[in-house]
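Okay, so here's the structure we're looking at.
2 protein chains.
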Amino acid sequence: MKKSLGAKTLVYPTPVFVICTYDNEGNPNAMTAAWGGICCSSPPCIAVSLRKATYTYGNLMEKKAFTINIPSENYVREADYFGMVSGKKEDKFAKTGLTPVKSELVDAPYISEFPINIECKVLHVIEIGLHTQFIGEVMDAKIDETIQEKGDQPIIEQIKPLIFAPESRNYYAIGKQIAQGFSIGTEIG
Amino acid sequence: MKKSLGAKTLVYPTPVFVICTYDNEGNPNAMTAAWGGICCSSPPCIAVSLRKATYTYGNLMEKKAFTINIPSENYVREADYFGMVSGKKEDKFAKTGLTPVKSELVDAPYISEFPINIECKVLHVIEIGLHTQFIGEVMDAKIDETIQEKGDQPIIEQIKPLIFAPESRNYYAIGKQIAQGFSIGTEIG
Chain A
19 MKKSLGAKTL
29 VYPTPVFVIC
39 TYDNEGNPNA
49 MTAAWGGICC
59 SSPPCIAVSL
69 RKATYTYGNL
79 MEKKAFTINI
89 PSENYVREAD
99 YFGMVSGKKE
109 DKFAKTGLTP
119 VKSELVDAPY
129 ISEFPINIEC
139 KVLHVIEIGL
149 HTQFIGEVMD
159 AKIDETIQEK
169 GDQPIIEQIK
179 PLIFAPESRN
189 YYAIGKQIAQ
199 GFSIGTEIG
Chain B
19 MKKSLGAKTL
29 VYPTPVFVIC
39 TYDNEGNPNA
49 MTAAWGGICC
59 SSPPCIAVSL
69 RKATYTYGNL
79 MEKKAFTINI
89 PSENYVREAD
99 YFGMVSGKKE
109 DKFAKTGLTP
119 VKSELVDAPY
129 ISEFPINIEC
139 KVLHVIEIGL
149 HTQFIGEVMD
159 AKIDETIQEK
169 GDQPIIEQIK
179 PLIFAPESRN
189 YYAIGKQIAQ
199 GFSIGTEIG
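In order, the protein sequence lines correspond to chains A and B.
For the first sequence, the numbering used here gives the first residue as 19, with consecutive numbering after it.
For the second sequence, the numbering used here gives the first residue as 19, with consecutive numbering after it.
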């Protein structure tokens, strides 16, 4: 039997995306967003949703470019901080000591210390309600060169991405591998 | 130092959403989508992206309603199967033995055996490219009544949601809790 919890966005997992932009004076900013995900394979696109009140919203509307940076577990403090404080008030790169690197492909910085950086150009802006959704077309995906690949697949166990749980607002690690996709399902039918 | 992998949607984690719809004869269908995520808090909305070739695409365009069902780890076979086979060819509920329950709020079924069911009405349809994005407004979130809550927060360790890794296409479990959000970040600044 089921119980009703009301109209809540109660889905798991949500990602921990650190979104980096430049403001109109060229200052780098970083904010954390868990509302987002991949939204198209061709062109390769990722969506992130932000409130209009954020500093990043204004930067995105102006620059039409951003990067998505995936923090590893050992940057959970920085990821959480980026989501708590506004770039209107603080220089978040100075406070954390993390390094913004100017992308050569889009007008946005990425975070040197994070294992994955995705460089995006804004393709669509969709007003939904409290949040505005930005659909970014991926120009390039970069990973730390210390991360070994299996075939051409980066190894998630080395990336150690964070998972965010809505409602409880806790961060989790990636757990054990359970099964191979597009494979275990063949046991049915 | 970073190495470039090209224009890929290389972000972790992605969810395992099982999307349920009715076709125009009232037959229930289920498909698995990893391209999606929360996109707005108010109204509460979740986005899922599907290829036009899927059976679910036609159902969604017709019914403007769907449910998102979160499988627990022990349903990884069914979740994978739902993503491999088209509802045009097979009755996936019959094959898996899972139980479709008619939602009282939207014109779509949900899966009785899965721990979380989110009932949605289609609010926006956004053509991006290979994938079309459906933004669904959440009408209700239901959880299995055996899942305990801490305060009003369902306990993710009991839900045991799946995580999907793009590129390698492996399924993972949720790992250990690392930190409390909107808390650990206060250690900075």
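Even glycine gets a Cβ: it sits at the ideal position worked out from N, Cα and C.
- The C-alpha of residue 176(A) is placed about 10 Å away from the C-alpha of residue 167(A).
- Annotated as proximal: residue 116(B) and residue 131(B), with beta-carbon spacing under 9 Å.
- Near chain B, meaning a CB-to-CB distance below 9 Å, the residues of the segment 141-164 of chain A are 141, 142, 144, 146, 147, 148, 149, 150, 151, 153, 155, 156, 157, 158, 159, 160, 161, 162, 163 and 164.
- Under the three-state reduction of DSSP output, residue 141(A) falls in the strand class.
- For a Cβ distance threshold of 7 Å, residue set 25, 26 and 27 of chain B lies close to residue 62(A), ordered along the chain.
- Straight through space, the alpha carbons of residue 33(B) and residue 52(B) are spaced by roughly 5 Å.
- Residues of chain A with a Cβ closer than 7 Å to the Cβ of residue 39(B) do not exist; the shortest Cβ-Cβ separation is about 17 Å.
- Per DSSP, the beta bridge partners of residue 162(A) are 20(B).
- Residue burial is scored here from C-beta neighbours: residue 164(A) has fewer than 16 other C-beta atoms within 10 angstroms and is therefore classed as exposed.
- By DSSP's assignment, residue 190(A) forms a beta bridge with 181(A) and 195(B).
- Taking a C-beta distance under 9 Å as the contact criterion, residue 204(A) and residue 75(B) do not qualify as a contact pair.
- Unbroken alpha helix (DSSP H) stretches of 4 residues or longer found wholly inside the segment 36-101 of chain B: 73-81, given in chain order.
- DSSP, reduced to helix, strand and coil, places residue 32(B) within a strand of the structure shown.
- Within the model, the alpha-carbon separation for residue 169(B) versus residue 49(A) is close to 28 Å.
- By the 16-neighbour rule on beta-carbons within 10 angstroms, residue 101(B) is buried.
- A straight line joining the alpha-carbon of residue 30(A) with that of residue 125(B) spans about 23 Å.
- Secondary structure of residue 204(A) (DSSP, three-state): helix.
- Straight-line measurement puts the Cα of residue 127(A) at about 7 Å from the Cα of residue 85(A).
- Contact note: residue 185(B) reaches chain A through 171 and 172, using a C-beta cutoff of 7 Å and chain order.
- Closest in alpha carbon position to residue 112(B), among 81(B), 39(B), 45(B) and 19(B), is 45(B).
- Note that the C-beta distance between residue 57(A) and residue 47(A) is not below 9 Å.
- In this structure the segment 185-192 of chain A does not touch the segment 153-161 of chain A; the number of beta carbon pairs closer than 8 Å is below three.
- The C-beta distance from residue 22(A) to residue 171(B) rounds to 15 Å, too long to fall under 8 Å, and the pair is not in contact.
- Within chain B, no C-beta atom comes less than 9 Å from the C-beta of residue 73(A); the nearest is roughly 16 Å away.
- As a beta-bridge residue in DSSP terms, residue 120(B) pairs with 127(B).
- Flagged as an interface residue toward chain A: residue 32(B), by a C-beta distance shorter than 9 Å.
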